[in-house]
Amino acid sequence: MIAELSIPISVWMSSTCTKVIPHMENLLHRIKSTSSDLNFKLSCEAIQSKHTPPSKSHIDLIRTHNDPEQPEIVLPNGEHYCWYFAIGSMINPISQYLREITPVLSYPAICHHHKLVFRCFNGIADFEACPGSNFDGVAHLIPYDQMIRLDEIECFYHRVVITCTDYENQCQVAYAYQIKVKNQPTGIPRERYLDVIIKGCEYYKIRPEYTNRLRDEQPVVPRKQPHEFHSFQGFPPDVYYSEEELKRHDGSDPSVPLWISINGKILEYAGLPPPDHADHDFQKSFLTFLKPNLGGREITNVIAKTLYEPLYKLPLTNEDICDEHRAQIEDFYYNTLSNSDHHTYWKAIGRLCQ
Numbered sequence: 063m064i065a066e067l068s069i070p071i072s073v074w075m076s077s078t079c080t081k082v083i084p085h086m087e088n089l090l091h092r093i094k095s096t097s098s099d100l101n102f103k104l105s106c107e108a109i110q111s112k113h114t115p116p117s118k119s120h121i122d123l124i125r126t127h128n129d130p131e132q133p134e135i136v137l138p139n140g141e142h143y144c145w146y147f148a149i150g151s152m153i154n155p156i157s158q159y160l161r162e163i164t165p166v167l168s169y170p171a172i173c174h175h176h177k178l179v180f181r182c183f184n185g186i187a188d189f190e191a192c193p194g195s196n197f198d199g200v201a202h203l204i205p206y207d208q209m210i211r212l213d214e215i216e217c218f219y220h221r222v223v224i225t226c227t228d229y230e231n232q233c234q235v236a237y238a239y240q241i242k243v244k245n246q247p248t249g250i251p252r253e254r255y256l257d258v259i260i261k262g263c264e265y266y267k268i269r270p271e272y273t274n275r276l277r278d279e280q281p282v283v284p285r286k287q288p289h290e291f292h293s294f295q296g297f298p299p300d301v302y303y304s305e306e307e308l309k310r311h312d313g314s315d316p317s318v319p320l321w322i323s324i325n326g327k328i329l330e331y332a333g334l335p336p337p338d339h340a341d342h343d344f345q346k347s348f349l350t351f352l353k354p355n356l357g358g359r360e361i362t363n364v365i366a367k368t369l370y371e372p373l374y375k376l377p378l379t380n381e382d383i384c385d386e387h388r389a390q391i392e393d394f395y396y397n398t399l400s401n402s403d404h405h406t407y408w409k410a411i412g413r414l415c416q
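For the sequence shown, position 282 (counting from the first letter as 1) is numbered 344 according to the numbering used here, and the numbering increases by one without interruption.
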């Protein structure tokens with residue numbers, strides 16, 4: 063299930079990053095989102111044709127049982143819903159669709175006395191208390207089982223309770239996610255990530271002054287041009303493995319090394335560091351996620367849905383993922399591995415038979 067394979071991928075390497083030194087040129091760079099406008103529009107049209115909205119009478123029934131001071135709603139028939147305040151990629155309707163999150167109702171809202179911050183190497187969204195400040199997001203009413211699934215997706219975050227206010231000054235208690243590890247350094251978001259957020263802001267009609275501030279004032283790490291993409295190197299020549307061999311290395315057998323394949327290139331995990339190593343706890347936590355979700359798999363198609371890139375076609379099938387998009391995904395992981403200690407945990411061993 064795609065929904066189970068989401069945010070941990072983008073946080074994979076960033077949680078152990080203790081120092082972030084932004085390049086000066088990134089402090090000057092601002093998002094250029096118009097290049098992805100057409101594909102985002104086409105993607106929205108595609109998912110709208112597949113979605114059957116709930117009836118007004120059912121929405122009214124849910125709202126009848128809503129307590130603004132509680133994040134959860136339980137109907138007499140046992141149906142269970144909750145309010146979720148999205149601040150990052152889950153603001154975007156395509157990201158929701160690709161993760162199988164289907165809001166019953168959504169509206170723009172404000173979280174008072176807090177501010178939005180971007181943290182860690184990848185510049186992922188977080189928020190922190192800040193008296194007198196506020197920031198905008200989207201309040202989604204979703205089935206509670208989808209909230210449980212989001213807990214699995216957001217495994218590097220705590221689910222917390224906040225109070226948000228709609229644009230008519232009506233309050234609602236809701237769930238939101240904060241990064242688990244305290245005092246993580248701030249970072250600069252990737253242009254792709256901020257583009258996803260801004261397009262979601264526009265889609266849900268968040269206040270233009272907030273959206274414009276993100277667009278005009280927030281520095282980003284610019285998207286690379288295709289000629290700048292890096293790829294994994296150092297593979298032994300003429301070494302190929304079948305999909306069956308790859309599947310056998312899914313991490314379920316401790317005597318068999320764990321493999322993953324990225325864009326047809328197979329990497330082998332070297333194993334956990336010693337228990338007294340500074341990276342041991344994170345590696346162990348990451349491995350717990352990796353084995354059942356990505357171990358023994360070609361992950362490019364999964365990542366195309368996980369790290370939604372508005373520049374490209376909606377990645378519903380393998381055929382929807384063009385060569386450039388595949389190269390962009392490989393480049394993302396090449397750089398993520400190269401910018402942390404994690405590159406010492408993986409080695410190139412061969413290629414996947416086509």
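Where is the CB? At the ideal position from N, CA and C, for every residue including glycine.
For this session: List the residues that DSSP assigns as beta-bridge partners of Gln234.
Result: According to DSSP, residue pairing for Gln234 in a beta bridge involves Cys226.
For this session: With a threshold of 16 other CB atoms inside 10 Å of the CB of Tyr219, please say whether the residue is buried or exposed.
Result: Around the beta carbon of Tyr219, 16 or more other beta carbons sit within 10 angstroms, so the residue counts as buried.
For this session: Report all residues from its chain with a CB closer than 8 Å to the CB of Arg359; omit the five preceding and five following residues, and keep chain order.
Result: Once the five neighbours on either side are set aside, the close Cβ partners of Arg359 are Leu308, Lys309, Asp312, Ile322 and Ser323.
For this session: In angstroms with no decimal places, state the Cα-to-Cα distance between Tyr374 and His176.
Result: So the two alpha carbons sit approximately 34 Å from each other.
For this session: Give, in chain order, every unbroken run of the beta strand (DSSP E) that is at least 3 residues long and sits entirely within the region 321 to 360.
Result: Listed in chain order, the complete beta strand (DSSP E) runs (minimum 3 residues) inside the region 321 to 360 are 321 to 324 and 327 to 331.
Exercise. Cα-Cα, which of Ile149, Glu305, Arg285 and Thr350 is closest to His387?
Worked result: Scanning Ile149, Glu305, Arg285 and Thr350 for the CA closest to the CA of His387 turns up Arg285.
Exercise. With DSSP run on the structure shown, which of helix, strand or coil describes Glu134?
Worked result: Strand at Glu134.
Exercise. Do the CB positions of Glu290 and Cys415 come within less than 9 Å of each other?
Worked result: Contact flag unset, no.
Problem set entry | DSSP-derived helix/strand/coil call for Pro84 | Summary for Pro84: the model assigns pLDDT 49, below 50, so the residue's position carries little reliability; its value from the coordinates is reported in the next sentence. In this structure, Pro84 counts as coil in the three-state DSSP scheme.
Exercise. When you compare only the Cα positions, how much space is there between Ile156 and Ile109?
Worked result: Their Cα atoms are separated by approximately 8 Å.
Exercise. In terms of DSSP beta bridges, what is Arg221 paired with?
Worked result: Per DSSP, Tyr239.
For this session: Could you check the C-alpha separation between Asp207 and Pro116 for me, to the nearest Å?
Result: Between Asp207 and Pro116, the C-alpha separation is close to 17 Å.
Exercise. Under the three-state reduction of DSSP, which class applies to Trp408: helix, strand or coil?
Worked result: DSSP places Trp408 in strand when its eight states are reduced to three.
Exercise. Under three-state DSSP, which class holds Phe147?
Worked result: Strand, per DSSP.
Exercise. CA-CA distance, Phe351 and Cys217?
Worked result: So the two alpha carbons sit approximately 9 Å from each other.
Exercise. Going by beta carbon distance, what residues of the same chain come within less than 6 Å of Pro84, once the five residues before and after it are set aside?
Worked result: With a pLDDT of 49 at Pro84, under the threshold of 50, the modelled position of this residue cannot be trusted; read the value that follows with caution. Listed in chain order, the non-local C-beta contacts of Pro84 below 6 Å within the same chain comprise Ile250, local neighbours out to five positions each way being set aside.
Exercise. Which residues bound the alpha helix (DSSP H) around His120?
Worked result: From DSSP, the alpha helix (DSSP H) with His120 extends over Lys118 to Thr126.
Exercise. Which term fits Asn154, buried or exposed, when burial requires 16 or more other beta carbons within 10 angstroms of its beta carbon?
Worked result: Its Cβ being crowded by 16 or more others within 10 Å, Asn154 is buried.
Exercise. CB Gly199 to CB Ile149, shorter than 9 Å?
Worked result: Yes. Within cutoff.
Problem set entry | Nearest neighbour of Tyr169, chosen from Leu212, Asn231, Val222 and Asp278 [CA to CA] | Nearest neighbour of Tyr169 by Cα position, chosen from Leu212, Asn231, Val222 and Asp278, turns out to be Asn231.
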